[in-house]
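Asks: Before I ask anything, here is the structure I am working with.
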Amino acid sequence: MSSAINANLKTRTNQKVQQKSIQKQPEKSTIQKLEPKEEEKQLQALKEQQQQGDSQVVNSFWTCDELLQCLPQVLQLRKIFQLYVQDTSNVIDVLKVSECLHAMGLRCSGVTLNGCLAERLLQFPPDRKPPNRVSFELVLTLYSQLAEELPIASSVLINGLRSCDGQSAGVMPLVKLRRLLVAMGRRLIESEICALLDALQDDKGNVNYVRLLESIFAVDLQAVNKLQEVRLYLDAVGKNASHMDMRKRDEFIVTLRNMDASGSGYIAAERLLQLLNANGDRFTIAELATLTRGMTNCKKQVDYRLFLRLIMNE
Numbered sequence: 001m002s003s004a005i006n007a008n009l010k011t012r013t014n015q016k017v018q019q020k021s022i023q024k025q026p027e028k029s030t031i032q033k034l035e036p037k038e039e040e041k042q043l044q045a046l047k048e049q050q051q052q053g054d055s056q057v058v059n060s061f062w063t064c065d066e067l068l069q070c071l072p073q074v075l076q077l078r079k080i081f082q083l084y085v086q087d088t089s090n091v092i093d094v095l096k097v098s099e100c101l102h103a104m105g106l107r108c109s110g111v112t113l114n115g116c117l118a119e120r121l122l123q124f125p126p127d128r129k130p131p132n133r134v135s136f137e138l139v140l141t142l143y144s145q146l147a148e149e150l151p152i153a154s155s156v157l158i159n160g161l162r163s164c165d166g167q168s169a170g171v172m173p174l175v176k177l178r179r180l181l182v183a184m185g186r187r188l189i190e191s192e193i194c195a196l197l198d199a200l201q202d203d204k205g206n207v208n209y210v211r212l213l214e215s216i217f218a219v220d221l222q223a224v225n226k227l228q229e230v231r232l233y234l235d236a237v238g239k240n241a242s243h244m245d246m247r248k249r250d251e252f253i254v255t256l257r258n259m260d261a262s263g264s265g266y267i268a269a270e271r272l273l274q275l276l277n278a279n280g281d282r283f284t285i286a287e288l289a290t291l292t293r294g295m296t297n298c299k300k301q302v303d304y305r306l307f308l309r310l311i312m313n314e
């Protein structure tokens, strides 16, 4: 396991130990009495997340490659992402994120994208500096956040521009049209609009906005399906995937599968502890017991799928 994952686990373990210490005090407030129930609610929510992640399409205990094989649209996005990877690290320069998303088919302004990217980078763990290179999962998270559920119908925008076209001729001066299109929002990028308008203006300086908008907003029949697949992938890998080494996650999954030859979904706490400490971390059996409370069967074995879901989402 990576140090980032174990740091998250240590923090959560300490929180649980502190809660347990508070519960033992002789005078308990109403809030303190409710803490065990709150913990049960959190565990139940985690189990529901696991069930959602383990849909008929994908499973949260699959490796990234296994997920990609079942999500062809996401696989195509991965291939586009790889065009911007310059070494074997599987990350791209943060300055290339906008260009990468553009190549993936996303249309949004630089201001909007940079704002969302900065917000995501600030969510990295406190012990880690905001990176200058980012993962596929972070880029995909931005894609999911910025993509539109349904494409804008060109007819809606054309009708809007007709109200500014006093002649109803379907043409408009380049300068006026550029100003209106740039103001339409995040889907249009100013540099692209300027290039298109310059190419389409006639000898009178006018542009046929009907033809222009039908070209820009041609309906992408795969757009909705692509967004659905992106969100299935992100739900399966968990919300912490953006700042974790996914190769470590995949190695963890493969190792657990090998340890559980019968495919029961459970593993002895001692063996899980050995796996967690394989990279030099020092979890104790007591800490693991606190962390996995509510995840064990009658043999005191740990539900490792639920445990992985905890790692990737808490």
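Under full-length UniProt numbering, the sequence shown has 161 at position 161, and the numbering climbs by one with no breaks.
Note that beta-carbon positions come from the ideal geometry of N, C-alpha and C, so glycine has one too.
1. Indicate whether L232 and A241 have their beta-carbon atoms separated by less than 9 Å.
2. Counting Cβ pairs, one atom from each stretch, are 3 or more of them under 8 Å apart for the stretch 264 to 272 and the stretch 84 to 99?
3. Give the DSSP bridge partners of I267, in chain order.
4. Considering only their Cβ atoms, is the gap separating G238 from R309 smaller than 9 Å?
5. Indicate the three-state DSSP secondary structure (helix, strand or coil) for V57 in the structure shown.
6. At the level of alpha carbons, what is the spacing between C194 and P173?
7. Please state whether the Cβ-Cβ distance between L140 and P131 is less than 9 Å.
8. Under a three-way DSSP split, which group does V85 fall into?
9. Using the rule of at least 16 other Cβ atoms within 10 Å of the residue's Cβ for burial, across every protein chain shown, is C298 buried or exposed?
10. N277 to A289, Cα distance in whole Å?
11. So what does DSSP say about N159, is it helix, strand or coil?
12. Just to confirm before moving on: does the CB-CB distance between F136 and M246 stay below 9 Å?
13. Between the Cα of R271 and the Cα atoms of S191, R249, D303 and M244, which residue gives the shortest distance?
14. Taking just the CA atoms, how far does M312 sit from L273?
15. Helix, strand or coil for M244 per DSSP?
16. What residue range is occupied by the uninterrupted alpha helix (DSSP H) comprising R282?
17. Quick one: give me the first and last residue of the beta strand (DSSP E) that D93 is part of.
18. Would the stretch 197 to 215 count as touching the stretch 154 to 172 if we require 3 or more Cβ pairs under 8 Å?
19. At the level of alpha carbons, what is the spacing between G205 and D198?
20. Tell me S135's beta-bridge partners as DSSP assigns them.
21. Work out the CA separation of C108 and V224 for me, nearest whole Å.
22. I need the DSSP call for M295, collapsed to helix, strand or coil.
23. Quick one: does the C-beta of D281 sit closer than 8 Å to a heavy atom of the ligand FMN?
24. On the CB-based measure, 16 or more other CB atoms within 10 Å of its CB, does C64 come out buried or exposed?
25. Quick one, which of T292, L142 and L101 has its alpha-carbon nearest F81's?
26. Once DSSP output is grouped into helix, strand and coil, what is the label at P173?
27. Go ahead and label I31 buried or exposed: buried means 16 or more other beta carbons lie within 10 angstroms of its beta carbon, across all protein chains shown.
28. Out of curiosity, what's the CA-to-CA distance linking L34 and Q123?
29. Among the residues of its own chain, which have a CB less than 8 Å from the CB of N114, if the five just before and after it don't count?
30. Which residues does DSSP list as the beta-bridge partners of V207?
Replies: Let's see:
1. no
2. no
3. V302
4. yes
5. coil
6. 13 Å
7. no
8. coil
9. exposed
10. 15 Å
11. Residue state, collapsed to three classes: helix.
12. yes
13. D303
14. Between the alpha carbons of L273 and M312 lies a gap of roughly 17 Å.
15. coil
16. Here R282 belongs to no alpha helix (DSSP H), and DSSP marks it neither H nor E.
17. V91 to D93
18. yes
19. 9 Å
20. V91
21. 17 Å
22. coil
23. The ligand FMN is not among the ligands present in this structure, which contains no ligands whatsoever.
24. buried
25. Closest by alpha carbon: L101.
26. strand
27. Its pLDDT being 29, under 50, I31 is placed unreliably by the model, and nothing is read from it.
28. For L34, the pLDDT reaches just 38, beneath the cut-off of 50, and the residue's location in the model is therefore unreliable, although a value from the coordinates is still provided. Straight-line Cα distance between these residues: approximately 29 Å.
29. Cβ neighbours of N114 within its own chain (closer than 8 Å, five residues either side excluded): S98.
30. M172
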